[in-house]
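First the structure, in the form of structure tokens, and then the observations on it.
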Amino acid sequence: MLRTFTTAITASLVLAAGTMAQPAFETTDLGDGVYMIANDRAGNVGLIDAGDNLIMIDTQMPPFLDDLEAAVREASGGGAPTLVINTHFHGDHVLGNAHFAALGAAILAHRNVAERLANPVHNELTGSTPDTLGEDYLPNIEVGQAMMLTGFGVTGEVLHFPNAHTDGDIIVNLPGSNIIHMGDLLFSGRYPFIDLDAGGSVEGFIAALDEIIGFSDDETRFIAGHGPLSTRDDIIASRDMLIEGRARVAALVEEGHDLAAIQEQNPLADFHDAWNWGFITTERMVWTFYRDITGLTE
Ligand SMILES: [Zn+2]
């Protein structure tokens, strides 16, 4: 059954890619050599053209890689990336690593991402293992808390936020251009996925957004992991929804309700129209809050 399921998913992705209007990727020129490359099928890609260095933020996944490479070359006047930055370990952000490593890119990620990719637990998100992909997709530059990008010709930095979307999230902050690539710390206008099984937490996610809100401004442009180019107001809205939603579910847990009773009360009902989407439904968001608050795994 699992095999059939996986095949069906792959087939539907290929079909989606094959039937999408051309071009498969939409490239947005943000100025200063910075681009957002997106197809809304996997994680949004950032590109920084810094002359001798071409930095690519996240690498998506098959079957999009030839089209993604074409979009990168078109934006950069024919170049290939010299550095790939992975915002975290999920497959829809890293499974193109080997494709771009083969073009000569080094791969930078938080040390927890390197650890997870080297020792993958097979699930529907990571999808593949080094046995099936080879080892060329593994990071060869590991970051702890932060790293300046000046060595790559860029005024900017990568910053790690612990236990947020996962345990290995980094954002790319470009203060000179006032642009931030958020990785999956931003699902713009959608409930975020918070991967509790990979070290993510609701409080860590809120803390990360708080800190980013603190050092950005109304002019900052945010490349979301998923969703459109965004503003600080979108970050604030996501943060406020998480704070309020978690408080509502916590109050019901405090009153002694179990998950079924809480779902029955639908505490996020008024959030549904604005935030619900296919992967993270309102019901799944309630379940995420409940698990985060209680520590239960079911
Ligand atoms: Zn993710």
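Following the numbering used here, the numbering of the sequence shown begins with 6 at its first residue and continues without gaps. All C-beta atoms in this analysis are idealised placements derived from N, C-alpha and C, irrespective of residue type, glycine included.
Put residue i into one of helix, strand or coil per three-state DSSP.
i	result
Val89	strand
Thr286	coil
Arg46	coil
Asn145	coil
Gly51	strand
Thr171	coil
Asn117	helix
His165	strand
Thr64	coil
Asp297	helix
Leu108	coil
Asn271	coil
Val291	helix
Asn102	helix
Ile176	strand
Val258	helix
Thr155	helix
Glu249	helix
Gln27	Confidence in Gln27 is poor, its pLDDT being 45 and thus under 50, which makes the residue's placement unreliable; the coordinate value appears in the next sentence. Coil at Gln27, not helix or strand.
Can you have a look at residue i and say buried or exposed, based on whether 16 or more other CB atoms are within 10 angstroms of its CB?
i	result
Met187	buried
Thr299	exposed
Ile146	exposed
Met290	buried
Met153	exposed
Asn168	buried
Phe105	buried
Leu164	buried
Val126	exposed
Ala114	buried
Pro180	exposed
Ala203	buried
Thr225	buried
Gly51	buried
Gly250	buried
Asp189	buried
Gly149	exposed
Asp172	buried
Note down, in chain order, each residue of its chain lying with its Cβ closer than 6 Å to the Cβ of residue i, except the 5 sequence neighbours on either side.
i	result
Asn281	Thr287
Phe166	Asp174 and Ala213
Thr285	One point to set straight first is that residue 285 is Ile, not Thr, in the sequence displayed. Only Tyr196 and Phe198 meet the Cβ criterion.
Thr32	Tyr40, Ile42, Ala76 and Ala80
Glu120	none
Thr155	none
If residue i sits next to residue j, beta carbons under 8 Å apart, how far is it from one beta carbon to the other, in whole angstroms?
i	j	result
Ala229	Phe192	7 Å
Gln65	Gly101	5 Å
Asp174	Thr293	Not a contact, Cβ separation roughly 16 Å.
Ser316	Leu35	The structure shown does not extend to residue 316, since the chain spans only 6 to 303, so no value can be given for it.
Gly205	His170	5 Å
His231	Gly96	Contact flag wrong, Cβ pair sits at about 14 Å.
Asn123	Leu143	Note that residue 123 corresponds to Ala in the displayed sequence, not to Asn. Contact holds; Cβ gap of about 6 Å.
Arg244	Asp223	Incorrect: roughly 15 Å between the Cβ atoms, too far for contact.
Phe30	Leu73	6 Å
Below 7 Å CB to CB, which residues in the same chain sit around residue i once its five sequence neighbours on both sides are set aside?
i	result
Phe157	Ala55, Asn58, Ile60 and Leu88
Val254	Ile267, Pro272, Val291, Phe294, Tyr295 and Ile298
Gln270	Leu257
Ile240	Leu191, Leu214, Ile217, Ile218 and Phe227
Phe276	Met246, Gly250 and Thr287
Beta strand (DSSP E) segments (min. 3 residues) lying fully within the stretch 184-242: Considered as a whole, the stretch 184-242 harbours 184-186 and 226-228 as its complete beta strand (DSSP E) runs of no fewer than 3 residues, in chain order.
Which residues, in chain order, sit with a beta-carbon under 5 Å away from any heavy atom of ligand 3? Ligands present in the displayed structure are limited to ligand 1, and ligand 3 is not among them.
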